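Worksheet: the structure to be examined is printed underneath.
Number of protein chains: 2
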Amino acid sequence: MPPPEVLLLGPGPSPTSPLVRAAQAWPLLGHLDPAFLPLLENVQQRLRELFGTANAFTLPLAGTGTSGMEAVVGNLIEPGDRVVVGVHGIFGQRFAEAARRRGADVVEVRTEFGAVPDPAAIVRAIQAGPVRLCGVVHAETSTGVLLDLRPIAAAARAAGALFAVDAVTSLGGLVWQADDLGVDAAFSGTQKCLSAPPGLAPLTLSAAALRRVAERRSPPPFAVDAGLLMGYFGADRAYHHTAPVSLVYALSAALDEVAAEGMDGRERRHRAVAAQLRRGLDALDLAPLVAAAHATPMLTSVRYPDGVDDRVFRAHLRNVHRIEIGGGLGSLAGRVFRLGLMGHGARPENVLRVLAAIGDALAAQGRAVDIAAALAAARAG
Amino acid sequence: MPPPEVLLLGPGPSPTSPLVRAAQAWPLLGHLDPAFLPLLENVQQRLRELFGTANAFTLPLAGTGTSGMEAVVGNLIEPGDRVVVGVHGIFGQRFAEAARRRGADVVEVRTEFGAVPDPAAIVRAIQAGPVRLCGVVHAETSTGVLLDLRPIAAAARAAGALFAVDAVTSLGGLVWQADDLGVDAAFSGTQKCLSAPPGLAPLTLSAAALRRVAERRSPPPFAVDAGLLMGYFGADRAYHHTAPVSLVYALSAALDEVAAEGMDGRERRHRAVAAQLRRGLDALDLAPLVAAAHATPMLTSVRYPDGVDDRVFRAHLRNVHRIEIGGGLGSLAGRVFRLGLMGHGARPENVLRVLAAIGDALAAQGRAVDIAAALAAARAG
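Take a look at the structure:
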């Protein structure tokens, strides 16, 4: 029996468009079929455009965003490498842990979750010793903090280090310029601002990153070996694994929608609905965790007022209003909720719907709220 | 634009049923949604039934069959472990290579690709020294050889070694009894006899395997860490990654179809169509690579007669008849073609259709064939 329809306004997956949903049901082709390969090549080319790169190695890896992170550390890190990681949320913490498990000597540059990290601190850590790779999270989904990549990229380049970026939540929501910035490795997920189903990790590696792979003392893990992956995703189209064909169909349809809108317009749309949301939250006396100037437009963490119960609040949205939102992770569990307005979900009508539902959930916990004022504030943009 | 309809009778992906295709287009739910979790639990329970196991750790891993293999070696192997691998095709070779890349001291028990391996040789290798793990491929997709697991499982158990099996092509086509056999780790793919789209790897680990993970000197890679995976797939349902929700929908629908048929009936069906195919091939003077007694019913490798060009032959089937079949891999490239009659594709009408197309492709290369005789032979079962 088909599942209920729930509006997905949490940290992902985001809502998929009717065309994207339908594409998954297209007749399955073989992963080496002459009609499938041009479709795959088109996906790879569109991903290059989205990442802002000419990297030949740009592909949709089978697996989750975490698999994309694993592919980056699995290919680019060897035991003993000094690696600097910016940790200001769960996903930075995960990046550091994944690198440690590859034997890296990890220097964590930590900032309290929810606070805005100082790029200069990461720059200083890069400059403090020889460094093989610097890894950071662009849009930290666990807090909603957006990191300024430029000074870190410049420092990594000056130090001869590879610069690797978790672009899971930012790709498809913000304009990306990987080559211009000097990014050597970036990975994303399809279920955030691209609004395709989860299960693929867009991944790009620069020529410098591939040189690093070629110079390894021992080969990378078989499943993520950059050379073997390019056997299939490059001109040879040699068998390495069976690509998730129906997910590639869906991603292809989603990327067509992104291209039709254009990334400038798409970033504007994400920023506009985020601003609407913030005006409405303010009218409900709710405070975002992160100031607008440093926040990710696609994900907004909101502090709970004293006495509001996280589980009851989110269950009210899910069960009464059929809206999914996210809870806090790690040290923020129970203290914030997270609203994702991503991709196909980043629309004004969704802002109004979730503001009304939030107001109703607060009222159900005995708080006085003026939902009409919140909706009017959100509309007045 | 939707792709053309091609009948998938190669080594996978196999054809998906209309219900399975449609399930992917169901409205997306969050991976922690209260309506999604019972569906996931049902998938896990049905996979336990298919593997023939009570293992709590039984789950659909995000990624390809190769990711499943990587999860097995990533969790169960540490540097220096002596590992015995049966290598009689590309996938055994891959298993050995994946283990070596985890630092294992791999003993390969090699058999010429296409020949039937002697389980006693693998047993002797197990007994020749201390052994941490023995890995074999049940149904070798690159050749169509079926391995007798029982003596190897017994020897592994007697030696105190873990027994790990590549069940990619056999699960859902042959009755599996992992607990009865003494299998500690098995992984599969969804795009073979389960007839779900590619992108998930069913995976099961025994209590002994999990003890091995707990006793590791260093933790496994983050993305495949068995303990972290069970945080999500166990009772806690804690976030570790975003499950590929729409693929889980499709797998759920596919497993419902498997359960409705029953595994006994499903194995009978695979065996019956394989026998039909062999009768028809014989009438066309085509010789299978592997004798029926040692062959996988779901995949049949067929020797090319002298002078038949592999590329021209397969292109004729694909472009004229809209049928995908597979070529040979490794040392068998150009020497055999591979016919998969898997899951939803394992039907008598597909046997007749592909026999007619094969006859036509031979005729197009100037050979005299009697297609009517081949179809009559196939029908006469």
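Protein sequence lines correspond, in order, to chains A and B. Heads up: the first sequence is residues 23 to 403, going by the numbering used here. Heads up: the second sequence is residues 23 to 403, going by the numbering used here. Heads up, the beta-carbon is just placed ideally off N, CA and C, and yes, glycines get one too. Since this is a predicted model, take the numbers as computed values, not measurements.
Counting Cβ pairs, one atom from each stretch, are 3 or more of them under 8 Å apart for the region 41-49 of chain B and the region 270-281 of chain B? yes
Endpoints, alpha helix (DSSP H) assigned at Phe73(B): For the purposes of this step, residue 73(B) is taken as the residue at position 51 of the second sequence. 58-73 is the span of the alpha helix (DSSP H), which, as asked, contains Phe73(B).
Members of the region 252-267 of chain B that neighbour chain A once the beta carbon cut-off is set at 8 Å: Tyr261, His262, His263, Thr264, Ala265, Pro266, Val267
Give the residues of chain A in contact with Ala120(B), contact being defined as C-beta atoms less than 7 Å apart. As a working mapping, residue 120(B) is identified with position 98 in the second sequence. Within 7 Å Cβ-Cβ: Phe244.
Boundaries of the beta strand (DSSP E) in which Gly108(B) is found, first to last residue: Numbered from 1 along the second sequence, position 86 holds the residue referred to as residue 108(B). Residues 104-109.
Gly157(A) vs Ala183(A) beta-carbon contact at 7 Å: Stepping through the first sequence from its first residue, residue 157(A) is reached at position 135. Stepping through the first sequence from its first residue, residue 183(A) is reached at position 161. No.
Test: Ile43(B) CB closer than 7 Å to a CB of chain A: Residue mapping note: residue 43(B) aligns to position 21 of the second sequence, counting from 1. In the sequence on display, residue 43(B) carries Arg and not Ile. Arg43(B) counts as touching chain A.
If you draw a straight line from the alpha carbon of Asp331(B) to that of Val246(B), how long is it in whole angstroms? Residue mapping note: residue 331(B) aligns to position 309 of the second sequence, counting from 1. Residue mapping note: residue 246(B) aligns to position 224 of the second sequence, counting from 1. Cα to Cα, Asp331(B) sits roughly 42 Å from Val246(B).
Can you check which of these residues, Phe113(B), Gly253(B), Ser210(B), is closest to Phe73(B) by C-alpha distance? One-based indexing of the second sequence puts residue 73(B) at position 51. Minimum Cα distance to Phe73(B) is reached at Ser210(B).
So which of Ser353(A), Val270(A), Ala76(A), Thr212(A) has the shortest CA-CA distance to Asp188(A)? Here residue 188(A) corresponds to residue number 166 of the first sequence, with the count starting at 1. The residue with the shortest Cα to Cα distance from Asp188(A) is Thr212(A).
For Ala218(A), which residues of its own chain have a beta-carbon under 7 Å away from its beta-carbon, when the five flanking residues on both sides are left out? Position 196 of the first sequence holds residue 218(A). If we look at Ala218(A) and ignore the five residues flanking it on each side, its Cβ neighbours are Thr38, Val42, Thr212, Ala272, Leu273, Ala276.
Classify Arg291(B) as helix, strand or coil using the three-state DSSP reduction. Numbered from its first residue, the second sequence carries residue 291(B) at position 269. DSSP places Arg291(B) in helix when its eight states are reduced to three.
Identify whether Pro310(B) lies in helix, strand or coil by the three-state DSSP scheme. By one-based count along the second sequence, residue 310(B) stands at place 288. The answer is strand: DSSP assigns Pro310(B) an E or B state.
Alpha carbon to alpha carbon, how far is Arg401(B) from Pro35(B)? Position 379 of the second sequence, counting from 1, holds the residue named residue 401(B). Position 13 of the second sequence, counting from 1, holds the residue named residue 35(B). Distance between the alpha carbons of Arg401(B) and Pro35(B) is about 26 Å.
Taking C-beta pairs closer than 9 Å, name the residues in chain B that Pro37(A) reaches, listed in chain order. For the purposes of this step, residue 37(A) is identified with residue 15 of the first sequence, where counting begins at 1. Per Cβ cutoff of 9 Å: Pro49, Leu50.
What is the DSSP secondary structure of Asp188(B), counted as helix, strand or coil? Start at 1 with the first residue of the second sequence, and residue 188(B) comes out as number 166. In this structure, Asp188(B) counts as strand in the three-state DSSP scheme.
Checking contacts by CB at 7 Å: is Glu346(A) closer than that to chain B? As a position in the first sequence, residue 346(A) is number 324, starting the count at 1. Cβ-Cβ to chain B under 7 Å: yes for Glu346(A).
Using DSSP with H/G/I as helix, E/B as strand and the rest coil, what is Glu162(B)? Residue 162(B) sits at position 140 when you count from the first residue of the second sequence. Here Glu162(B) sits in strand by DSSP.
From which residue to which residue does the beta strand (DSSP E) around Arg325(B) run? The sequence position of residue 325(B) within the second sequence is 303, counting from 1. First-last of the beta strand (DSSP E) with Arg325(B): 321-325.
For Arg301(B) and Leu30(B), I'd like the C-alpha separation in whole angstroms. Residue mapping note: residue 301(B) aligns to position 279 of the second sequence, counting from 1. Residue mapping note: residue 30(B) aligns to position 8 of the second sequence, counting from 1. In a straight line, the C-alpha of Arg301(B) is about 21 Å away from that of Leu30(B).
Determine the contact status of Ala368(A) and Arg291(A), defining contact as a CB-CB distance below 7 Å. Translated into positions along the first sequence, residue 368(A) becomes position 346. Translated into positions along the first sequence, residue 291(A) becomes position 269. Contact: yes.
Could you give the residue range of the alpha helix (DSSP H) that holds Glu371(A)? Residue 371(A) sits at position 349 when you count from the first residue of the first sequence. Its alpha helix (DSSP H) spans residues 370-386.
Contacts around Ala120(B), its chain only, beta-carbon distance under 7 Å, and the 5 residues preceding and following it disregarded: The sequence position of residue 120(B) within the second sequence is 98, counting from 1. Met91, Glu92, Val95.
By Cβ distance below 8 Å, which residues in the same chain neighbour Ile174(A) in space, the five residues on each side in sequence not counted? Against the first sequence, residue 174(A) aligns to sequence position 152. Only Gly108, Pro141, Ile144, Val145, Ile148, Cys156, Val158, Phe185 meet the Cβ criterion.
DSSP beta-bridge partners of Cys156(B): Within the second sequence, the letter at position 134 stands for residue 156(B). Answer is Val106(B), Phe185(B), bridged to Cys156(B).
Sufficient close CB pairs (3 or more, under 8 Å) joining the region 160-179 of chain A to the region 249-263 of chain A: no
When the Cβ atoms of the region 319-333 of chain B are set against those of the region 347-358 of chain B, are three or more pairs found closer than 8 Å? yes
Near-chain B residues of the region 323-346 of chain A - C-beta to any C-beta below 9 Å: Ala337, Arg340, Asn341, Glu346
Is there a Cβ from chain B that is less than 7 Å from the Cβ of Gly164(A)? Looking up residue 164(A) in the first sequence gives position 142. The sequence shown places Ser at residue 164(A), not Gly. Judged by the 7 Å Cβ criterion, Ser164(A) is not in contact with chain B.
Any residues in the region 73-94 of chain B with a beta carbon nearer than 8 Å to a beta carbon of chain A? Which ones, in chain order? Ala84, Gly85, Thr86, Gly87, Thr88, Ser89, Met91, Glu92
Could you work out which residue in Phe113(B), Ala317(B), Gly348(B), Leu98(B) is closest to Val190(B) when comparing CA atoms only? Position 168 of the second sequence holds residue 190(B). It is Phe113(B) whose Cα lies nearest to the Cα of Val190(B).
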